[in-house]
Each structure stands twice: as C-alpha cells, then as structure tokens.
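Visitor: Residues are numbered in my numbering as their position in the sequence shown, beginning at 1, plus a constant of 16. Idealized CB from N, CA, C, for every residue including glycine.
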Amino acid sequence: MRFRMTIILALCAAPPISAADWPQFRGPGGLGVAADKSLPATWSDNANIAWKTDLPGSGSSSPIVVGDKIFVTCYSGYGLDQDDPGDPKNLKRHLICLGKQGKILWTRDIVTAAKDAAYTGSYITQHGYASSTPVSDGKTIYCFFGVAGVVAFDLGGKQLWQSSVGTGTNSWGTGTSPILSGDLVIVNASAESSSLVALNKKDGSVAWKQPGKEWWSWTTPLLTDANGRQEVVISIYVRLRGHDSKTGKELWNCAGLDDYVCPSPVAHDGVVFVIGARDNTAMAIKAGGSGDVSKTHVLWTVGRGSNVSSPLYHDGHLYWASEKRGVVYCVDVKSGKMKHEQRLDPNPDLVYASAFLAGGKIYYVSRNHGTYVIDAKPQFKQLAHNVIASDTSVFNGSPAAMDGKLLLRSDRRLYCIGKP
17 MRFRMTIILA
27 LCAAPPISAA
37 DWPQFRGPGG
47 LGVAADKSLP
57 ATWSDNANIA
67 WKTDLPGSGS
77 SSPIVVGDKI
87 FVTCYSGYGL
97 DQDDPGDPKN
107 LKRHLICLGK
117 QGKILWTRDI
127 VTAAKDAAYT
137 GSYITQHGYA
147 SSTPVSDGKT
157 IYCFFGVAGV
167 VAFDLGGKQL
177 WQSSVGTGTN
187 SWGTGTSPIL
197 SGDLVIVNAS
207 AESSSLVALN
217 KKDGSVAWKQ
227 PGKEWWSWTT
237 PLLTDANGRQ
247 EVVISIYVRL
257 RGHDSKTGKE
267 LWNCAGLDDY
277 VCPSPVAHDG
287 VVFVIGARDN
297 TAMAIKAGGS
307 GDVSKTHVLW
317 TVGRGSNVSS
327 PLYHDGHLYW
337 ASEKRGVVYC
347 VDVKSGKMKH
357 EQRLDPNPDL
367 VYASAFLAGG
377 KIYYVSRNHG
387 TYVIDAKPQF
397 KQLAHNVIAS
407 DTSVFNGSPA
417 AMDGKLLLRS
427 DRRLYCIGKP
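1) Let me check understanding here. Comparing Cα to Cα, which of 119, 34, 102, 247 lies closest to residue 66?
2) Could you tell me which whole beta strand (DSSP E) segments of length 3 or greater appear in the stretch 334 to 416?
3) Report buried or exposed for residue 351, applying the criterion of at least 16 other Cβ atoms within 10 angstroms of its Cβ.
4) For residue 53, name the three-state secondary structure that DSSP assigns.
5) Taking all protein chains shown into account, decide if residue 376 is buried (16 or more other Cβ within 10 angstroms of its Cβ) or exposed.
6) Mind checking which residues open and close the beta strand (DSSP E) that includes residue 298?
7) Give me the Cα-Cα distance between residue 296 and residue 50, rounded to the nearest whole angstrom.
8) Classify residue 220 as helix, strand or coil using the three-state DSSP reduction.
9) Report the CB separation of residue 364 from residue 327 in whole angstroms; it is logged as a contact under 8 Å.
10) Taking the alpha-carbon positions, what's the residue 313 to residue 301 distance?
11) Going by Cα to Cα distance, which pick from 214, 260, 409, 293 is closest to residue 429?
12) Which of the three DSSP states, helix, strand or coil, is assigned to residue 436?
13) Kindly indicate which three-state DSSP category residue 133 falls into: helix, strand or coil?
14) For the candidate residues 227, 391, 132, 334, whose alpha-carbon lies nearest to that of residue 316?
15) Please check the pair residue 368 and residue 179, which I expect to be a contact at CB under 8 Å, by giving their CB distance rounded to whole angstroms.
16) To the nearest angstrom, how far is it from the Cα of residue 114 to the Cα of residue 69?
17) Suppose the cutoff is 7 Å on Cβ atoms and the five residues either side in sequence are ignored; what does the same chain contact list for residue 186 look like?
18) Could you tell me if residue 445 is buried or exposed, where buried requires 16 or more neighbouring beta carbons within 10 angstroms of its beta carbon?
19) Would you report the Cα separation of residue 3 and residue 379, rounded to the nearest angstrom?
20) Quick check: the Cα distance between residue 72 and residue 305, rounded to an integer number of angstroms?
21) Can you tell me the Cα-Cα spacing of residue 172 and residue 37, whole angstroms?
22) Determine the DSSP secondary structure at residue 262, reduced to helix, strand or coil.
23) What does the Cβ neighbour count give for residue 397, buried or exposed, with the cut at 16 atoms within 10 Å?
24) Does DSSP put residue 208 in a helix, in a strand, or in coil?
25) For residue 230, count neighbouring C-beta atoms within 10 Å of its own C-beta (all shown protein chains included) and say buried if the count is 16 or more, exposed if not.
26) Just to check my reading of the structure: residue 270 and residue 308 have Cβ atoms closer than 8 Å, yes? What is that Cβ distance to the nearest angstrom?
27) What are the boundary residues of the beta strand (DSSP E) that residue 90 is part of?
28) Closer than 8 Å by C-beta to residue 101: which residues in its own chain qualify, once you throw out the five before and the five after it? Chain order, please.
29) Compute the distance between the beta-carbons of residue 214 and residue 165, then report whether it is under 8 Å.
30) Indicate the three-state DSSP secondary structure (helix, strand or coil) for residue 164 in the structure shown.
31) Helix, strand or coil for residue 115? Go by DSSP, reduced to three states.
32) Is the beta carbon of residue 203 less than 8 Å from the beta carbon of residue 256?
33) If I measure Cβ to Cβ from residue 299 and keep anything under 6 Å in the same chain, skipping five residues before and after, which residues do I get?
34) Return the first residue and the last residue of the beta strand (DSSP E) that residue 251 is part of.
35) Output the distance between the C-alpha atoms of residue 260 and residue 247, rounded to the nearest integer angstrom.
36) Beta-carbon separation of residue 112 and residue 88 under 8 Å?
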C-alpha cells in the first residue's frame, strides 16, 4: 500500500509538461532534438508559412511552447539602432504570450531600476537585451533578463515574483537561459555576479549560490544524470564544472576551454560534450567524477569548435556550426574523429542560433542568410537553403517544434513554418 501511495504522490507532483511541449532553450533537456519527425524542410515567403506575427520589439531569445500557448521575450524603447540608441531609461523588456494560431494574447513588461550595459561598440549590439529563453514547468514561466533578474509569471500573465541575481554588467550583455531542476530555477549569473545561482520556484529566494572567479561564461547550464545523481554541468573560462543540483556543491572539475564560453554543453550516455574557445576546441568528458578529473575523464579533444552556436548529439555523432566560417562539423563521439567539415552553400556569414534536429535533418539558422538544412549523417549532404526574403532583420533565435511545425523568430517577427 505504501508503495502504491508513493507512486500516486509522485505522479501528482510531476510537472504537467506534455511530450508535445518545447519548454526551454533547445527543447526537452536542452539538447536541440525534436521528437516530431514531420517538420518541414523547405519554405519561403510564398510557401509553407502557416502564419507570421509582428513582435513589439527585438530579441535573440528562442520561443517555447507550453500547452496551447507560445512564449517569447523581446525588448523595446532603447538599443534598436546603433547609430541612435536612444535613452537607456526607456528600455523595456517584455514577455509575450501567443496562441498557436499566432495571435498575441497578452504582453507583460518587466521593469528594473538597475542600469544595464550601454548599447555601444560591437558586442551587445549583436543581440540586444532579450537573449535569454524562458523556461516552464507547465504551470509557471520563468524569465531571465540580466540586471532585471529572474521573473516568474503564471500562464495567465500574473507576475508572481522578481528576484535579482546580481547587477553586474558586461559589454557582451546577457545571453544564458534558466533551467529547472525539481523545485529550483538555476541560472548562470556570470555577467551579473560571477556565480551559479539556484532560486526556489515558489518565491524566488536563493536556495544556493556558487561563486567563482573569471567566469566569463554565457552558456546555459546542463542537467545530466551520472552515478545515480543529477549534476549541473557548466562550461566557464578554462574550466568545466559539475555541481550537485540540490545543494550546488562542486562535485568535479576539469580543464576546459581556454577562452570565454558561449555554446551550451550537451550530454549523452554519461558523456558531456562542450565546444567553444573562438572556434578552436571541442571536448568529450565523462560525467560523474570527483575532484579534478582533467587526467582521467577527458575522452578526446578536437581542434574545431564554435564561438556562439551550441552542438547536438545524434546517432553516435556530434554536429555543430562554426560562428563565422560558415562551416559545419560532424565528429564521431567514440573516437573524436572528424567525419565532415563542410562549408554551407551559399556562405551564411554568421551563425548564432544553435543546431536543431528533427526527422533525420539538421537545421542551421544563420543571422542574415536564411536557414540551411542538411542530412543528419556523417556524410555531408545539404538538402535545402530557405530564405524569407521579405524579412531583412537578424535571425538569432534557435528553432522550436510545435505540432508538426517549426517556430522561428527574427528581430521583427515570429514565424510558424508549415502548412497553413
């Protein structure tokens, strides 16, 4: 009887996230893999656009899908034109809720007295002030807006709490997305307080905080299971670290990427894969260690990486796109051997969005030259190059899957790709 009650209580406590939802940056587990195999591979202004909706501001975050709603963030009022950025006092951050037919249901503004980094130079101007993707447990939406903190809303748009994780700024701005573990919201607050922070979902109070030096990291943390425990893995300047998800205690660390880090790690079968260091390094590290595991758990290192875009795992291989070279890579995860290194055609110039997999196809979204679709196999084959010519704004967000369709956002609009 006690066993049956345990099962019932566990089911009642389980988050009401559906298998059809896309609840966080890069979808379930943050891995960039869609279960739906029927997503379209080709589209244009006049084909396979189910709907498009103008957004009330710019942004580089990705959309998420929770039940019958879509959520995406953006900003307005300041930092929309590098030549004339305006008054920073007018900066507004927004959480937008849309229905699955593209209608905006509500908009909520997030305010703060904290001063953000100025919209100058060539860094923050590349992505702006809404680059962190929200995360949801099916009941609540949690957003991260840098110096404005973490903000929680219910699905109807009621703000539940707002909690600061630091007011430090960086010329690169904020880009990491929050993740959920049990009753915690976990945020890489590298720019804001050089720390990894866990907040209680109920009220935003700090559950644990792990400080560090020279974090210089814009990567979204990864949850992975190893040796019967859940670890929070984060890639920071020159180190990779694994923390206990419940307490924040550091479990292991190893020599990592000798540079600032933007791409988020992925994992498969107890192995963590990281890339970065301005297009120079990819690594495979066995999770579940203790202390410094640099000499015992690093499985391989390859002299290829990506400065911004995150990788994905599929069928024994790791795939990713470099930021500036327009080159995509495939590595055998057992040996670290490069299987393909191929330039996309035409050259996409810059890729900030992360690799996305659906139905045996990999989607690479470039900033200014459309979306490239390749065969998810070690032998390179480009299947399609899709351009929405009417939208000349920047595409920084990573795709999301929804009901056999693809969600894609630009600085101007949110698109639903698929049959109307």
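Guide: The short version:
1) 119
2) 343 to 348, 354 to 359, 372 to 374, 377 to 381, 387 to 391, 398 to 402
3) exposed
4) coil
5) exposed
6) 297 to 302
7) 28 Å
8) coil
9) Not confirmed; about 17 Å, so no contact.
10) 5 Å
11) 409
12) coil
13) coil
14) 334
15) Rounded, the Cβ-Cβ distance is 28 Å, inconsistent with contact.
16) 9 Å
17) 133, 207
18) In the structure as shown, the chain begins at 17 and stops at 436. Residue 445 is therefore absent and cannot be evaluated.
19) Lying before the first or after the last residue shown, residue 3 is absent from the chain, which here runs from 17 to 436.
20) 46 Å
21) 17 Å
22) coil
23) exposed
24) helix
25) exposed
26) 7 Å
27) 85 to 92
28) 94, 95, 134, 135, 136
29) no
30) helix
31) strand
32) no
33) 290, 317
34) 245 to 252
35) 5 Å
36) yes
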